[in-house]
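See structure below.
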Amino acid sequence: MQLWRASALIWAVGVEARLQPRVAARRRRIDAATTLRGGFGGGLLESYTNLLAKAPLRTNMVTAACLAMTSDCVAQKLCADDGKAEACTPYDYPRTAWIALWGSVVSGAMLQQWFVLLRYLFPLYKTSNWQLAGKVFVNQLVMSPGLNAGFFAFVILTRDHPVLRFNADKRREYGRKIRADLPATCLRSCVYWSIVQTFNFRLLPPKYTVIATSAAYLVWTVYLSLVANIRRS
């Protein structure tokens, strides 16, 4: 009887040992499928959140560069059919590369530090409507004329030869661009970004502020890239 019990125990242990790798493999497949579906693990959002926690600056810069490249690609496709804009075919790859650099440095890196300053100046913006309004107002007061005028200058500086040299011809062109396009651009910017940033500042956690702004900047840069590449005579 004892021999039979020992034999049965040895057999059961052997079966369990043979089944354990299969069970573990099946469990890994289920976990992987759950992650891909965005289940309990949150999928891509969880992975992106982890990257933001480990390397926020680099993650924001890479994300902003990709979004800027996408927006300029859309803008070039649109401006090919616009009679007011410069012909955009064949595709201008250097222009997209420069726009990606702008997005990475300005939208990805600089805005992160700017939002840290705004959180310091308006610490109660999550609960106080006055502080929220003040934060949105200061953001627009500084960023609307600064970023839009800076973007126009950047496009002129990198589009025409000599590249990265602001000679007399470029300064004259920049002056015409500012007089013709900056007021209307700033007005549209205030309307668009006031809505976006009110939602952004009040409802989103601070760690998502830059990426949400970069995503909204994708839409704005399509418009801005179209306007910036109109040549004024």
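Under my numbering, read the sequence shown as residues 1 to 233, first letter to last. All C-beta atoms in this analysis are idealised placements derived from N, C-alpha and C, irrespective of residue type, glycine included.
Below 8 Å, enough C-beta pairs join the stretch 67–74 and the stretch 91–106 to call them touching: three or more. In the DSSP assignment, residue 137 falls within the alpha helix (DSSP H) that extends over 129–159.
In the DSSP assignment, residue 92 falls outside any alpha helix (DSSP H), carrying neither H nor E. Around the beta-carbon of residue 197, 16 or more other beta-carbon atoms lie within 10 Å, marking it buried.
With respect to the 9 Å criterion, residue 185 and residue 222 are not classified as neighbours on the basis of their beta carbons. Each residue's CA atom was taken as its position, placing residue 75 and residue 225 some 6 Å apart. Counting other Cβ atoms within 10 Å of its Cβ, residue 201 reaches 16 or more and is therefore classed as buried. Contact annotation, residue 112 with residue 167: C-beta distance approximately 33 Å; criterion of less than 8 Å not satisfied. Residue nearest to residue 143 within the set 171, 169, 192 and 170 is 192 (criterion: CA-CA distance). Comparing alpha-carbon positions, the option among 134, 108, 109 and 107 lying closest to residue 120 turns out to be 134.
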